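First residue of the sequence shown? That's 0 in numbering that gives the first Met the number 0, and the numbers climb one at a time after it. A short write-up of the structure that comes next.
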Amino acid sequence: MISPILLRTFVELVDTQHFTRTAEQLHMTQPGVSQHIKKLEQQLGAALLARYGKSFELTEAGQRLYDYAQNQVEAETQLRESIVGDNPEAGALQLACSGAMALRLYPALLALQQRYPALQVNLEAAPNQAIIERIKANQTDLGIVSQPCSDPVMTQQRLGQDLLCLVLPASTVPDQSKPDWELLLRLGFINHPDGHHYASQLLEANFASHYVGMDSLPQSGYINQLSQILLPVSMGLGFTVLPQSAVAVFPYPEQLTIASLDQPVSESIYLLHKKHRPLPQRYQLITELLASEWQ
């Protein structure tokens with residue numbers, strides 16, 4: 000590692016082009032300045048100055064080192080400005096949520112970025128536990144999960160709740176019908192990254208005498224593309240379970256049937272972030288947006 004003290008002496012010498020003046024500026028002796036340059040050359044294994052008389056020119060290595068030092072100064076300046084100047088309308092927004100939740104939130108997040116072009120929205124779709132791990136590793140600043148988090152390093156805020164929907168093909172099931180277990184077996188389950196989590200809650204509540212786990216259901220397909228989860232259902236290839244907010248954004252609702260259930264199931268939605276890691280001001284825009292979504 001290049002000594003910052005030696006590097007400072009070198010930069011000052013290049014700027015003043017004078018050993019004595021450099022010594023005065025740094026409150027050193029002239030031999031001390033020369034000694035710093037010599038140590039720096041020893042560290043780098045290359046001559047930095049081509050001396051002639053009382054003057055000098057930079058060698059190629061010296062010019063590269065000076066350019067490096069200038070870049071370091073600029074980087075430090077930008078770092079200090081970014082730390083001190085916490086712009087509430089600029090910077091990266093790191094958010095993670097389920098794939099189904101992303102279907103609901105991503106258009107609103109993009110609209111927020113259109114309103115504040117200096118923002119950069121970064122949305123990661125992931126299961127609950129993966130979201131928690133990302134926040135703990137400082138890979139994501141905010142997370143939206145559908146289960147309470149008891150991890151002591153996290154803080155959580157309940158946003159609201161989302162109704163889970165049993166979604167079937169309209170071509171197979173009359174509107175608002177109550178499907179039986181045999182129909183679900185014939186259709187098969189269209190799985191997705193949060194599929195088992197959602198389906199196990201809903202099926203346990205409404206088909207308790209038949210449901211003994213997701214392994215008891217044939218799987219008709221799997222898709223992790225956020226916007227495509229309901230497509231195979233609309234084509235009659237199976238059924239799935241999704242939050243109502245995700246179903247609402249499907250562009251062909253007439254091709255789907257939302258089953259009428261004896262025991263509706265909703266799940267609470269929580270906003271998570273790291274307890275002792277203060278969020279930049281720009282995240283206030285996100286919290287306001289989320290609050291409006293669950294009014």
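Every residue gets a Cβ at the ideal spot worked out from N, C-alpha and C, and that includes glycine. Keep in mind that this is a model prediction, so the values were computed, not measured.
Original post:
Secondary structure at I189, three-state DSSP: helix, strand or coil?
Top reply: strand
**OP:** Would you give the residue range spanned by the alpha helix (DSSP H) that D14 belongs to?
**Re:** P3 to T15
**OP:** Measure the CB-CB distance between Q160 and V264 and report whether it falls below 7 Å.
**Re:** no
**OP:** Inspect the CB distances between the stretch 66-74 and the stretch 203-211 and report whether three or more fall short of 8 Å.
**Re:** no
Original post:
By Cβ distance, which residues of its chain are closer than 7 Å to Q146, with the 5 residues on each side in sequence left out?
Top reply: N127
**OP:** Determine the direct distance from the alpha carbon of T21 to that of E11, and round the result to whole angstroms.
**Re:** 6 Å
Subject >> Beta carbon of L271 nearer than 7 Å to that of M100 >> reply: no
Original post:
With distances taken from CA atoms, which of H35, G187, A117 and C148 is nearest I131?
Top reply: C148
Original post:
Counting pairs of Cβ atoms below 8 Å between the stretch 251-259 and the stretch 180-200, do you hit three or more?
Top reply: Cβ pair count under 8 Å is below three, so no.
Original post:
Per DSSP, A124 is paired with what?
Top reply: C96
Original post:
When the distance is taken between beta carbons, is A198 closer than 7 Å to V240?
Top reply: yes
Subject >> Euclidean distance between Cα positions of L284 and P116 >> reply: Computed Cα separation, rounded: 13 Å.
Original post:
Just how far apart, CA to CA, sit L141 and L288?
Top reply: 13 Å
Original post:
In this structure, does DSSP put A129 in helix, strand or coil?
Top reply: helix
Subject >> First through last residue of the alpha helix (DSSP H) which encompasses K53 >> reply: Counting along the chain, K53 falls outside any alpha helix (DSSP H), and DSSP gives it neither H nor E.
**OP:** Measure the beta-carbon distance from Q280 to D85 and round it to whole angstroms, keeping in mind my assumption that it falls under 8 Å.
**Re:** 5 Å
Original post:
Does DSSP classify I268 as helix, strand or coil?
Top reply: Strand at I268.
Original post:
Out of S176, H275, F9 and S2, which has the shortest C-alpha to C-alpha gap to P151?
Top reply: H275
**OP:** Identify every residue that forms a DSSP beta bridge with K273.
**Re:** M153
Subject >> Limits of the alpha helix (DSSP H) - the one that L230 falls within >> reply: L230 to S233
Subject >> Secondary structure of S170, DSSP reduced to three states >> reply: Reduced to three states, the DSSP call for S170 is coil.
**OP:** Label N296 either buried or exposed according to how many other C-beta atoms from any shown protein chain fall within 10 Å of its C-beta, with 16 as the threshold for buried.
**Re:** Any answer about residue 296 is impossible in this case: the structure gives the chain only from 0 up to 294.
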